[in-house]
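Q: Attaching a single structure in structure tokens format; questions to follow.
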Amino acid sequence: MNDWTHGYVADVSYDYSFFPELAPISVVFQLLDKSFFPPSLQKFNYCELGCGQGFTTNILAATHPQAEFWGVDFNPTHAAEAQRLAQAAQLQNIHLCDQSFAEFLEADTPEFDFITLHGVYSWIGEENRRIIVELLRRKLKCGGAVYISYNTLPGWSAVMPLRDLMVQYTGGSADSTVQKVEKGLAFAKQLQEVKARYFLENPTVKYDLKEMQGDSRNYLAHEYFSRHWQPLYHSEVVQQLADAKLTFTTSADIDDQFHNLKLNDNQLNLLAGITDATLRETIRDFMFNSRFRRDLFVKGPIKLNTLEKVELLSNCRFALVVLPEEIEYEIDLVGRPIKLDETIYQPLVAALGERPQTLRELMRQPSLSKLDFAALLQAIKILITTETVVPALSAAEEEQRQQTVAQLNTAILKRSRFGADTQILASPITGGGIDVSRSEQLFLLAHQRQVDPVQFIWNILQVQGEKLIKDGKVLDSPEANQAELRIQAQRFADLRLPLLERLGVRY
Ligand SMILES: C[S@@+](CC[C@H](N)C(=O)[O-])C[C@H]1O[C@@H](n2cnc3c(N)ncnc32)[C@H](O)[C@@H]1O
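Residues in the sequence shown are numbered from 296 upward in steps of one, following my numbering.
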């Protein structure tokens, strides 16, 4: 038994991921939208606790060379992997260590403007949760923001026994965690097939089990097989973080704003009658049976008046992250199709399709002049929820960012020769990551090396014994694979490359 793990899974690495809500600009936009004064993006210190493979921290460090980043994860394989990427990209503003939260608490660091922890707080024991609260108390600046995500009650109440079952069934064995995942899933399935009453009386659980069968085993190991696993009520987290002088401000998830549209009048009236904000938020979780929350807390929040809010939001820039022709004007926002008003959205998309723009610039567009500020902001937020627009960094110092972004992207592209772990590249415009699949990364790498993309990729696939799949069928012959690669290369050059160029995805 490894003592340093405190029961946390350490024999298998976590997946590589980039979480856009952890980007400083996303935190800033969410706070401004709810009329809170945000931390500055000019020069800041950012810390990600439990950063896993450090992919998010690396992307953020590359896109914010003016700031300093810390990534903390006690798993030395995670820390080493994060350092490997940072070194390959020659990033100078990132500090990655394999300290535990307890060790980091005592480490000599500056105070932070942003502290983020994603997928951590529910998966550690009470003692470590207390250490995190102490860490936030000591190391967050006044006015600093905390992003914290956690598994939420009541959403997990039906599924908690399924997790306990898998852990108890495999607990005594000397198997690796991934083997335990397989055995735990198989046993749960058996129990379902013999119609155990737990499954019959909790009918939704079978869907969870089905979904788990398709999830990555590394993810499942970390999600369910650590010793500690504690979904929390929002009210409990608010109470715990109050010890660090933190105040809940808003959800970090913009979709959350639109969830109220799913409530009927009776539900809305019931919620409106609850005057305590924390209780109201918790009852809202009962309305939606919420399972997961992404919350933003601030140490010493300052409320903006309307004029200040409009001024600061007017300077926020937004970027279109798909091609204008890919936009759908009928969207599923509240569980039913909603038609977007094309007289508003088409000119807005066209303007953002030309270049990223601030709200102030958009307001000046003749085609958008009939919209007032609130209507324009609402339209932008709807485009953000549909993942077609993202908040972007200000145009100032974009050149400085391009350099570090190109360094990181080149390091990621080189890795794409060996596998599909890191299917994200950094953008100096959005200040975050953009989805770029492995095959697209290989096209970019071929372009960088000025070689024929088809031959280049086919050589890599051959060495790795891989073949392309088309219409559900494996393409067997080299000719068929090369012909398909040629089609994909053309499609990439026509459709994706212009978008990546517009988003400044240099390499
Ligand atoms: C579920 S993973 C989330 C990783 C990353 N934040 C993400 O969402 O991709 C939780 C991470 O917390 C780290 N961790 C757990 N307990 C820790 C502790 N006491 N000190 C430092 N890191 C810890 C684990 O090693 C793991 O990488």
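Using N, Cα and C, we set each Cβ at its ideal position, and we do this for glycine too.
Just so you know, these numbers come straight off a predicted model, no measurement behind them.
(1) I'd like to confirm something about Phe396: is its beta-carbon nearer than 7 Å to some heavy atom of ligand 1, or not?
(2) Which residue spans inside the region 625 to 663 form an unbroken alpha helix (DSSP H) run of at least 4?
(3) Could you tell me how far apart the beta carbons of Gly251 and Asn584 are, in whole angstroms, since I believe they sit closer than 8 Å?
(4) Measuring alpha carbon to alpha carbon, tell me which residue in Thr699, Ile639 and Thr351 is nearest Ile677.
(5) Who pairs with Ser722 in a beta bridge, going by DSSP?
(6) According to the neighbour-count rule (16 or more other Cβ atoms, all chains shown, within 10 Å of its Cβ), is Asp408 buried or exposed?
(7) Do Gln562 and Phe613 have their C-beta atoms closer together than 8 Å?
(8) Is DSSP giving Met296 helix, strand or coil here?
(9) Count the other CB atoms within 10 Å of the CB of Cys611; is the residue buried (16 or more) or exposed (fewer)?
(10) Kindly list the residues whose CB is nearer than 6 Å to the CB of Gly349, restricted to its own chain and excluding five residues on each side of it in sequence; keep chain order.
(11) Comparing C-alpha positions only, which one of Val322, His359, Val462 and Val441 sits nearest to Gly302?
(12) Alpha carbon to alpha carbon, what distance is there between Leu430 and Leu412?
(13) Which residue marks the beginning of the beta strand (DSSP E) containing Ser546, and which one marks its end?
(14) Does ligand 1 have even one heavy atom less than 7 Å from the beta-carbon of Ser312?
(15) From Ile597 to Phe331, what distance separates their C-alpha atoms?
(16) Check whether the Cβ atoms of Asn497 and Phe587 lie closer than 8 Å to each other.
(17) Could you check which residue in Asp470, Ile419, Phe668 and Ala516 has the C-alpha nearest to that of Glu606?
(18) State the Cα-Cα distance for the pair Ser546 and Arg589, rounded to the nearest angstrom.
(19) Are the Cβ atoms of Arg433 and Val473 separated by less than 8 Å?
(20) If we ignore side chains and look at the alpha-carbon of each, how far apart do Val731 and Glu693 end up?
(21) Would the beta-carbon of Ser395 fall within 8 Å of that of Trp299?
(22) With H, G and I counted as helix, E and B as strand and the rest as coil, what does DSSP make of Gly479?
(23) Three or more beta-carbon pairs under 8 Å between the region 416 to 428 and the region 732 to 742, yes or no?
(24) By DSSP, does Arg425 sit in helix, in strand, or in coil?
(25) Does the contact criterion of 3 or more C-beta pairs under 8 Å hold for the region 548 to 562 versus the region 477 to 486?
(26) Considering Cα atoms alone, identify which of Thr544, Ala691, Pro793 and Glu576 is closest to Tyr442.
(27) Decide if Cys437 is buried, meaning its Cβ has at least 16 other Cβ atoms within 10 Å, or exposed.
(28) Can you tell me which of Phe314, Glu682 and Phe369 puts its alpha carbon nearest to the alpha carbon of Leu400?
(29) With H, G and I counted as helix, E and B as strand and the rest as coil, what does DSSP make of Ala440?
(30) What does the Cβ neighbour count give for Leu574, buried or exposed, with the cut at 16 atoms within 10 Å?
(31) Identify, in the order they occur along the chain, each residue of the same chain with its Cβ nearer than 7 Å to the Cβ of Met296, setting aside the five sequence neighbours on each side.
(32) With hydrogens ignored, establish whether the beta-carbon of His359 is closer than 7 Å to any heavy atom of ligand 1.
(33) State yes or no: is the C-beta of Asp503 within less than 8 Å of the C-beta of Leu457?
(34) Out of Gly727, Met658, Ala715 and Asp716, point me to the one whose CA is closest to Leu688's CA.
(35) Here's a check: name, in chain order, each residue in its chain whose Cβ is nearer than 8 Å to the Cβ of Arg522, leaving out the five neighbours to either side.
(36) Can you tell me the Cα-Cα spacing of Leu327 and Lys604, whole angstroms?
A: Working from what's here:
(1) yes
(2) 637 to 649 and 654 to 659
(3) For the chain, the structure presents residues 296 to 802; residue 251 sits outside this window and is missing.
(4) Ile639
(5) Gly727
(6) buried
(7) no
(8) Summary for Met296: the model assigns pLDDT 47, below 50, so the residue's position carries little reliability; its value from the coordinates is reported in the next sentence. Reduced to three states, the DSSP call for Met296 is coil.
(9) buried
(10) Gly366, Ala377 and Leu391
(11) Val462
(12) 12 Å
(13) Leu541 to Ser546
(14) yes
(15) 6 Å
(16) no
(17) Phe668
(18) 6 Å
(19) no
(20) 21 Å
(21) yes
(22) helix
(23) no
(24) helix
(25) no
(26) Thr544
(27) exposed
(28) Phe369
(29) strand
(30) exposed
(31) Legend: pLDDT at Met296 = 47, less than 50; position of this residue unreliable, value from coordinates given subsequently. So the list is empty, once near-sequence residues are dropped.
(32) no
(33) yes
(34) Gly727
(35) His301, Gly302, Tyr303 and Gly420
(36) 6 Å
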